[in-house]
Structure formats: C-alpha cells, structure tokens
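Residue numbers (our numbering): 99 to 252.
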C-alpha cells in the first residue's frame, strides 16, 4: 500500500456514514457518495447501489444540486442501460449547481451513452455542445490566468 493509499484509508474509515459524529445531512450524503464511488471502483456493485441510493435519498430531501447530479450520474453508470430520464435529471441538477466541470463531465457521459446505443444524431448534437463548453472553459481559464487580478496572487 502506498503512502497516499494509507492516508486515504485513514480518512475513509472516519467518514463511514454510520460512524459520523455529525448530524449534517450534507456530510452524510457526501460520505455515502464517497463510499458508493469507492465500491464502484472496486467492482462491489450491490454495495455501491446501496450507498448511492442512500446518498440520492438524502440529497433529494435536502435539495443539494451538485451531489444530486454526481449521485445521479453514478447511478446511471451503475445501471448501465440507456437511461435518458436519469441523464436529464442529472443535467437539471448540474445546471442548478453552476458547476461547469460537472456539466462538462455530464455531457461527456451523455455523448458516450448516445454513441453506445447508436443514437448518431443525438450524439453529434451532444458532442458539439461538449466541444463548445470545453472551449468556453478553456478560454475562461486562459482569461483568468492572464488577468491583472491573477498576477497579484502569483
């Protein structure tokens, strides 16, 4: 185990949803999401589905768009079927969160799903939107780095 893995698992144990000392719904939803993602990456799909269901339930009740979008996207990956309703819901949550990176990731997943299921026209439309969004983000980063305000913090 590497040093980073040891650090990760030290933190991972402390954020087990049932062991949290906090009553924060957002923290519990986030902990369930981290555990779902970890389970998914280690091919423990039933465990991942259980955690993601808990996360989605909590954030739905609390109205937290970013985690809701992430959880919905992971759910779509876990289900691994053509799930346009889930992707539409994730898109709505991502839009509410104003997170451009999340929206970019969402469009990439939508594009991959469209290609996978042979929806050529829809995939072209999504790819065009993805490319535009990526160009916009790249330009915004470039503009920010070259702004006078940025030079103050270098």
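Backbone N, C-alpha and C define an ideal beta-carbon position, used for all residues, glycine too.
Short check: CB of residue i to CB of residue j, under 8 Å?
i           : j           : result
residue 196 : residue 209 : no
residue 176 : residue 194 : no
residue 132 : residue 156 : no
residue 165 : residue 198 : no
residue 150 : residue 173 : yes
residue 212 : residue 224 : yes
residue 160 : residue 109 : no
Can you give me the Cβ contacts of residue i inside the same chain, cut-off strictly under 8 Å, excluding the 5 residues immediately before and after it?
i           : result
residue 204 : 167, 171, 185, 188, 189 and 192
residue 143 : 137 and 176
residue 244 : none
residue 239 : none
residue 154 : 166, 169, 170 and 173
Measure the beta-carbon distance from residue i to residue j and round it to whole angstroms, keeping in mind my assumption that it falls under 8 Å.
i           : j           : result
residue 115 : residue 129 : 5 Å
Report the option in the options whose CA atom is closest to the CA atom of residue i.
i           : options               : result
residue 169 : 110, 134 and 123      : 134
residue 201 : 183, 239, 230 and 122 : 230
Looking only at its own chain, which residues have a Cβ that is under 7 Å from the Cβ of residue i, when we skip the five neighbours before and after it?
i           : result
residue 163 : 191, 194 and 195
residue 126 : 115, 118 and 156
residue 183 : none
Looking only at its chain, what residues have a beta carbon closer than 6 Å to the beta carbon of residue i, apart from the 5 residues adjacent to it on each side?
i           : result
residue 226 : none
residue 152 : 130
residue 145 : 137
Inset, instruction - Counting only runs of 3+ residues fully inside the stretch 122-185, write out the beta strand (DSSP E) ranges in chain order. - result: With a minimum length of 3 residues, no continuous beta strand (DSSP E) run stays inside the stretch 122-185.
Inset, instruction - With a floor of 4 residues, list each alpha helix (DSSP H) that falls wholly inside the stretch 184-245, ordered by position along the chain. - result: Secondary structure in the stretch 184-245: the alpha helix (DSSP H) runs of 4 residues or longer, each lying completely within the stretch, are 198-214 and 218-243 in chain order.
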